[in-house]
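Numbered by the working numbering, the letters in the sequence shown go through residues 60 to 633 in order.
Beta carbons: idealized from backbone N, C-alpha and C, even for Gly.
To start, the structure itself, in structure tokens.
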Amino acid sequence: MSVSDDEGYGSSQAPLVPRDGVELQRIYRKIDWVVLPLMFMCYFLEFLDKILIGYANVMGLEKDLRLGPGQFQVLGANVFLWGVLVCCMAAARDFAGIAVLRTLLGVLEAVVAPALIMVTTQWYTKRQAVPRMGLWYSGIGVGQIVGGLISWAAQHARNTSFQSWRIMFAVAGVVNVVTGVAVFFLLPKSLESAKFLSDKEKAIVQQSLLMDQAGNGKKVFRWSGIREALVDTQVLLFFVFTLAIVTPSGFITTFSAVVIRSFDFGPMEAALLNMPSGAMTIIGTTVSTVAILYNFPRWLGIVLLLIPSMLGAGLMSFAKSKGAALTGVYLINLDIAPLVLIYSMVGANVQGYTKKVFVTGAVSFANACGCIIGPQTFRPQDAPQYIPAKITVFCVTGLGIVVVVLLRILYGVRNRCNAAARRAAMDAIARGEAEATKVLNEEETDLKNKKFIYAPALVAVTGANGFIAQHCIAALLEKGYRVVGTVRSEARIDGVKQAHGSHPKLSVVTVSDITSPRQYLDVLGPLSPAAVLHLAAPFHYNATDFEKELMVPAVRGSTAILEACAAIKSVKRV
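Right, dumping it as structure tokens:
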């Protein structure tokens with residue numbers, strides 16, 4: 060299939076998407092080296108300011124600015140970052156000045172996370188986007204580590220006219236300004252403006268993204284999508300879950316260093332001892348997002364992250380020894396990682412453009428509410444132990460586990476209810492009363508589409524141009540699965556697509572030598588299928604030597620696909 064003029068590059072003679080996956084991997088490595096570092100720095104600096112306000116508190120900010128009881132809580136609610144305002148933090152002289160600066164920072168930086176999500180989806184397919192989101196999201200953990208180092212280094216300054224916490228904000232502000240300039244000039248505004256890619260490479264990436272579309276309806280605002288989202292149980296559960304897991308972030312960002320100091324550590328020691336918290340965040344985020352590539356259930360990944368986080372909240376609240384309480388502070392940082400998984404669940408389980416945009420906004424709103432509520436639980440009268448706040452962290456983390464399990468139950472019930480509709484559709488196809496597939500409507504939401512399957516997996520089907528394979532592919536598409544079919548020549552690709560109405564969840568790739576494990580691995584490996592249906596056989600009607608022309612190649616082809624699948628960790632069934 061060629062790239063047409065209205066798709067953005069050249070004429071009908073533009074190059075095709077490569078069928079072996081190797082070329083696509085090479086191109087995305089180029090994109091990764093340009094786009095990912097800039098996105099990482101943006102989120103790293105966005106979080107660095109949040110954590111620095113906590114370090115500044117143990118370094119004397121409250122005393123120097125003569126903050127009264129409870130005022131520091133208000134500052135914790137305005138936990139955002141950006142530009143020159145961070146440098147201005149060093150010049151603040153009282154509560155009013157620092158409160159205004161923090162509020163302006165919040166206004167400027169409210170767009171950071173949504174913007175990074177948009178940039179990620181602009182460059183990467185849904186499957187590629189999850190680990191990339193995990194990478195820039197791990198900037199939270201790096202911010203905790205670097206923030207501790209900056210705080211520790213700044214506390215060595217003995218100039219009483221310019222307190223150490225002021226130096227800390229000045230340094231962070233300068234780094235942020237430099238990064239802002241770099242992002243402005245180096246981050247391409249769109250795929251078309253990427254100077255580091257050739258026209259051929261741009262066309263390859265664009266077609267890869269087009270094949271990954273979940274639908275091709277017009278992206279217009281529709282009230283029906285909003286109304287459905289407001290009565291959809293899963294949206295309510297998304298909101299409650301996000302609120303539950305983000306509320307403890309008030310502790311993680313603003314008060315973790317304060318709590319560590321309450322264990323009878325000095326300001327310098329508190330800064331250094333809070334750094335392992337960042338390592339826990341990085342580990343949790345990286346492991347959970349990479350696990351999704353191998354089709355590990357998102358809900359189970361969230362539960363496995365929240366259980367040790369809940370244990371940490373218990374240790375922090377009730378442990379008698381200093382070491383156990385400190386371990387609790389570290390474990391609770393695993394609570395940060397599930398948020399990126401929730402965003403990926405929204406992408407996988409919400410259908411319809413308007414509804415998906417609204418639900419994403421609702422999750423972001425819940426995130427903001429949690430950031431406001433969290434610091435308010437740390438009341439001045441509860442210092443220095445803050446036991447009520449610690450118990451709150453313990454309870455809301457447990458609530459998060461309950462809610463995500465309810466989400467899984469809800470999806471199971473809905474999938475079973477939709478199974479009858481899918482069976483009826485397949486019967487109609489068998490009787491010739493309906494088409495095998497149809498192009499998905501972008502505004503057909505997940506509740507209206509009775510054939511929608513929540514969290515669909517990718518299935519690879521070999522020999523996709525065969526008679527039996529076409530029936531199998533039609534059945535898989537009807538059940539809501541994403542399918543990638545393999546054929547032995549590019550000439551057969553368009554025929555397979557046309558047989559299924561150019562279904563948006565179907566892609567077709569070439570494996571020219573069906574007896575080569577390496578070719579199967581190069582093609583299917585980057586796609587991470589959950590299952591492989593092997594139907595390929597060198598069948599033809601003119602064979603003169605059964606063993607040589609039919610049996611031996613078929614056995615070798617089956618051996619090749621099995622060897623390739625053994626090397627692809629995402630494959631659960633062949």
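Keeping to the same chain, check which residues put their C-beta closer than 6 Å to that of residue i; ignore five residues upstream and five downstream.
{"i": "Gly202", "result": "Phe103, Phe106, Leu107 and Ile110"}
{"i": "Gln272", "result": "At Gln272 the pLDDT is 48, less than 50, meaning the model places this residue with poor confidence and gives no usable figure here."}
{"i": "Leu75", "result": "Because Leu75 sits at a pLDDT of 46, beneath the cut-off of 50, its placement in the model cannot be relied upon, and the following sentence gives the value as read from the coordinates. There are no such residues."}
{"i": "Gly429", "result": "Leu302, Val305 and Thr306"}
{"i": "Thr436", "result": "Ala448 and Thr451"}
Are the CB atoms of residue i and residue j nearer to each other than 7 Å?
{"i": "Thr179", "j": "Met192", "result": "yes"}
{"i": "Leu302", "j": "Ala425", "result": "yes"}
{"i": "Ile395", "j": "Ile204", "result": "no"}
{"i": "Gly459", "j": "Phe244", "result": "no"}
{"i": "Asn392", "j": "Gly207", "result": "no"}
{"i": "Leu364", "j": "Pro397", "result": "yes"}
{"i": "Thr348", "j": "Val189", "result": "yes"}
{"i": "Met306", "j": "Ile446", "result": "Reading off the sequence, residue 306 comes out as Thr, not Met. No, Cβ-Cβ distance for Thr306 and Ile446 is not below 7 Å."}
{"i": "Thr574", "j": "Ala623", "result": "no"}
{"i": "Leu535", "j": "Val542", "result": "yes"}
{"i": "Thr545", "j": "His593", "result": "no"}
{"i": "Leu465", "j": "Trp358", "result": "no"}
{"i": "Leu400", "j": "Ile366", "result": "no"}
{"i": "Val81", "j": "Asp581", "result": "yes"}
{"i": "Phe280", "j": "Thr419", "result": "no"}
{"i": "Ile263", "j": "Ile552", "result": "no"}
{"i": "Gly387", "j": "Gly371", "result": "yes"}
Can you tell which of the options has the C-alpha that lies nearest to the C-alpha of residue i?
{"i": "Ser210", "options": "Thr456, Ala316, Thr574 and Ser423", "result": "Ala316"}
{"i": "Ala241", "options": "Phe417, Phe99, Gly406 and Arg281", "result": "Phe99"}
{"i": "Tyr389", "options": "Leu400, Ser575, Ser376 and Ile532", "result": "Ser376"}
{"i": "Leu637", "options": "Ala188, Arg85 and Trp195", "result": "Missing from the structure shown is residue 637; the chain here goes from 60 to 633 and no further."}
{"i": "Val8", "options": "Trp282, Val611, Glu328 and Ser561", "result": "With the chain covering only 60 through 633, there is no way to say anything about residue 8."}
{"i": "Gln187", "options": "Asp604, Leu586, Val630 and Arg615", "result": "Leu586"}
{"i": "Glu260", "options": "Gly284, Trp182 and Ala212", "result": "Trp182"}
{"i": "Gln293", "options": "Ile627, Arg473 and Ala533", "result": "Arg473"}
{"i": "Ala384", "options": "Asp323, Thr344 and Phe437", "result": "Asp323"}
{"i": "Thr569", "options": "Leu295, Leu256 and Leu583", "result": "Leu583"}
{"i": "Ser308", "options": "Leu256, Ser249 and Pro434", "result": "Pro434"}
{"i": "Ser403", "options": "Ala350, Ser380 and Glu287", "result": "Ala350"}
{"i": "Ser629", "options": "Lys89, Val318 and Pro356", "result": "Pro356"}
{"i": "Arg438", "options": "Leu295, Ala523, Val318 and Lys254", "result": "Val318"}
{"i": "Ile176", "options": "Ser617, Arg320, Gly406 and Ala613", "result": "Gly406"}
With H, G and I counted as helix, E and B as strand and the rest as coil, what does DSSP make of residue i?
{"i": "Leu374", "result": "helix"}
{"i": "Ser423", "result": "helix"}
{"i": "Leu594", "result": "coil"}
{"i": "Gly539", "result": "coil"}
{"i": "Ser315", "result": "helix"}
{"i": "Glu287", "result": "helix"}
{"i": "Leu565", "result": "strand"}
{"i": "Val546", "result": "strand"}
{"i": "Glu518", "result": "Just to set this straight, residue 518 is Val in the shown sequence, not Glu. It is a strand residue."}
{"i": "Arg632", "result": "strand"}
{"i": "Val589", "result": "According to the sequence as given, residue 589 is Ala; it is not Val. Coil, per DSSP."}
{"i": "Ser210", "result": "helix"}
{"i": "Phe297", "result": "helix"}
{"i": "Thr603", "result": "coil"}
In chain order, what residues of the same chain have a beta carbon less than 8 Å from the beta carbon of residue i, not counting five sequence neighbours either side?
{"i": "Ser571", "result": "Arg547, Ser548 and Gln578"}
{"i": "Ala550", "result": "none"}
{"i": "Met369", "result": "Phe453, Thr456, Gly457 and Ile460"}
{"i": "Val234", "result": "Leu104"}
{"i": "Cys649", "result": "Outside the shown range of the chain, which is 60 to 633, sits residue 649, and nothing can be said about it."}
Quick one: what's got a C-beta closer than 7 Å to residue i's C-beta in the same chain, skipping five residues either side?
{"i": "Lys631", "result": "Asn354, Ala589 and Ala590"}
{"i": "Val463", "result": "Phe300, Trp358, Ile361 and Val362"}
Hey, would you say the C-beta of residue i is under 6 Å away from at least one heavy atom of the ligand PLP?
{"i": "Tyr402", "result": "Here there are no bound small molecules, and the ligand PLP is not part of this structure."}
Run through the region 321-359 for me and flag every whole alpha helix (DSSP H) of 4 or more residues, listed as ranges in chain order.
-> 326-332 and 334-352
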